[in-house]
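Chains as they are written, first to last, in the numbering used here: chain A, 3 to 387; chain B, 202 to 327.
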């Protein structure tokens with residue numbers, strides 16, 4: 003049972019079928035003028051149009067990249083470097099692709115404000131308003147957090163950004179194709195989104211850049227993507243991405259309702275069977291398929307291992323790498339006590355998830371947590387936090 | 202799986218987990234790096250461990266290591282256990298991945314601490 007869809011998803015069969023010819027017959031370089039090149043260009047153009055239609059934006063506002071991380075780097079560095087100096091605003095719970103990019107920019111003389119979130123993981127738009135300075139050049143906020151699933155009040159932040167004339171970038175990698183996005187209504191200037199979170203292939207993503215936004219390219223070379231991103235297009239990947247978006251346009255609304263119900267069934271099941279657990283973030287206003295649950299007095303990695311041995315794939319909220327464990331910085335920013343945060347497990351559901359899967363997980367997790375607690379000293383001193 | 206069958210078995214069915222009332226020795230060790238904690242209790246008759254119990258907080262291998270060690274020490278001379286090496290615990294588990302060696306370290310440390318605690322109590326009683 004795979005409940006780690008926020009990490010990655012399988013390629014949809016219709017997507018795979020559409021991609022396959024682009025590995026063999028339609029192999030040309032989209033920049034070539036001959037027939038082979040034109041055929042490949044046609045595939046890239048169709049994908050761009052599909053995505054443009056889905057988002058109700060102009061196709062030429064879409065720039066294809068190699069992944070969400072590149073899109074985030076491109077957006078934040080592209081905005082900053084085009085202005086040369088100044089102040090950026092972001093939050094403490096961003097993906098590392100944004101956080102570390104901001105840190106790198108600090109090393110180059112830019113100033114960055116990292117805004118806090120409340121106990122539900124939500125930014126306060128008033129904090130954004132207060133943080134804006136005359137030299138603020140960009141705001142970058144994620145649409146929904148990948149670990150907890152909390153959806154940010156982007157429209158309110160976007161209205162502030164628009165009023166103050168500051169470009170707003172959102173990292174929509176976890177929301178694109180899962181909930182509806184209206185970049186105009188939300189005041190979004192740039193948006194990162196990725197293929198492999200929505201049943202498309204890995205290695206392809208995009209950045210929406212509103213027309214007229216002052217940007218610098220990060221990757222230099224040929225004239226690709228209207229000189230915004232050099233490099234031969236990942237034709238098969240882009241074609242697959244476009245098809246994945248077309249499938250999402252068809253399935254998104256029904257699946258969101260179905261996954262929300264399954265997610266609530268999962269939380270209800272766990273809550274009634276396992277004592278001393280809690281859900282991080284409010285149940286409303288979150289990604290349809292995401293539940294982040296903490297189990298007190300047990301370590302998430304041992305729960306993940308226990309579930310893995312039952313054939314269940316979930317993700318640990320804290321990671322022990324080479325003997326060094328840290329609770330999730332997102333949960334810490336939300337004020338979750340460390341003794342709880344260490345036992346965080348993320349369940350992320352997807353199109354293959356059934357009610358039977360959910361019930362199987364609920365049945366499996368109760369004895370795993372009970373046994374771990376039986377063996378646990380109950381309280382533990384927190385050495386590192 | 203990245204863990205041996207022995208690790209998986211001890212993790213799924215930990216032996217001797219839980220508190221011991223009125224132990225003859227108790228000790229714990231904590232791994233600073235990740236905060237894994239192991240606590241060992243021993244009951245001793247005629248200088249030998251007749252029963253060991255443990256409580257751990259940590260990743261799967263730490264729980265497995267504690268369970269394996271609780272069997273490993275049964276019948277052993279407490280004076281020997283003061284020198285119990287992590288390698289011996291690891292051997293009992295049929296090996297650990299490099300990034301999980303600390304599981305054996307923290308468990309061996311807790312066993313040594315429990316053995317020392319017993320010797321200290323014994324010497325104080327005399």
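Ideal placement from N, C-alpha and C gives every residue a C-beta, glycine not left out.
- Here the alpha carbon of residue 285 of chain A sits roughly 38 Å from the alpha carbon of residue 266 of chain B.
- Short of 7 Å from the beta carbon of residue 330 of chain A, and not among the five residues preceding or following it, lie these beta carbons of its own chain, in chain order: 149, 319, 320, 343, 346.
- In this structure, DSSP gives residue 313 of chain B a helical state, which the three-state scheme calls helix.
- Neighbours of residue 278 of chain A across chain B, judged by C-beta separation under 7 Å, do not exist; the nearest C-beta is about 14 Å away.
- Residues of the stretch 240 to 262 of chain B with a Cβ closer than 9 Å to any Cβ of chain A, in chain order: 240, 255, 256, 257, 258, 259, 260, 261, 262.
- Contact check between the stretch 52 to 71 of chain A and the stretch 25 to 37 of chain A: fewer than three CB pairs, one atom from each, fall below 8 Å, which does not count as touching.
- Counting only the Cα atoms, residue 83 of chain A lies some 41 Å from residue 233 of chain B.
- Straight through space, the alpha carbons of residue 142 of chain A and residue 171 of chain A are spaced by roughly 5 Å.
- Exclusion of the five residues before and after residue 168 of chain A leaves 138, 141 as the residues of its chain whose Cβ lies within less than 6 Å of its Cβ.
- Membership of residue 350 of chain A in the beta strand (DSSP E) is indicated by the continuous run 346 to 350.
- Every alpha helix (DSSP H) stretch that sits fully inside the stretch 212 to 289 of chain A and reaches 4 residues is listed by chain position as 226 to 229, 237 to 275.
- A check of alpha carbon separations from residue 127 of chain A across A:154, A:115, A:256, A:243 identifies A:154 as the nearest.
- For the stretch 203 to 231 of chain B, the set of residues with a beta-carbon nearer than 9 Å to any beta-carbon of chain A comprises 204, 209, 212, 213, 214, 215, 218, 219, 220, 229, 231, in chain order.
- Listed along chain A is no residue with a C-beta nearer than 7 Å to that of residue 297 of chain B; the closest approach is about 11 Å.
- Any Cβ of chain B closer than 8 Å to the Cβ of residue 339 of chain A would place that residue at the interface, and such an atom is absent.
- In the three-state reduction of the DSSP assignment, residue 89 of chain A falls in the strand class.
- Taking 8 Å as the upper bound for CB-CB distance, residue 5 of chain A and residue 261 of chain B are not in contact here, some 19 Å apart.
- By the criterion of at least three beta-carbon pairs nearer than 8 Å, the stretch 332 to 341 of chain A is not in contact with the stretch 218 to 234 of chain B.
- Distance from the Cα of residue 10 of chain A is smallest, within the candidate group A:204, A:73, A:300, for A:204.
- Here the stretch 94 to 101 of chain A lies against the stretch 68 to 82 of chain A, with 3 or more beta-carbon pairs under 8 Å apart.
- Every alpha helix (DSSP H) stretch that sits fully inside the stretch 131 to 199 of chain A and reaches 4 residues is listed by chain position as 156 to 166.
- Close partners of residue 311 of chain A in chain B (Cβ separation under 7 Å): 209, 213.
- Residues of the stretch 352 to 381 of chain A with a C-beta less than 8 Å from any C-beta of chain B: 373, 374, 376, 377, 378, 379, 380, listed in chain order.
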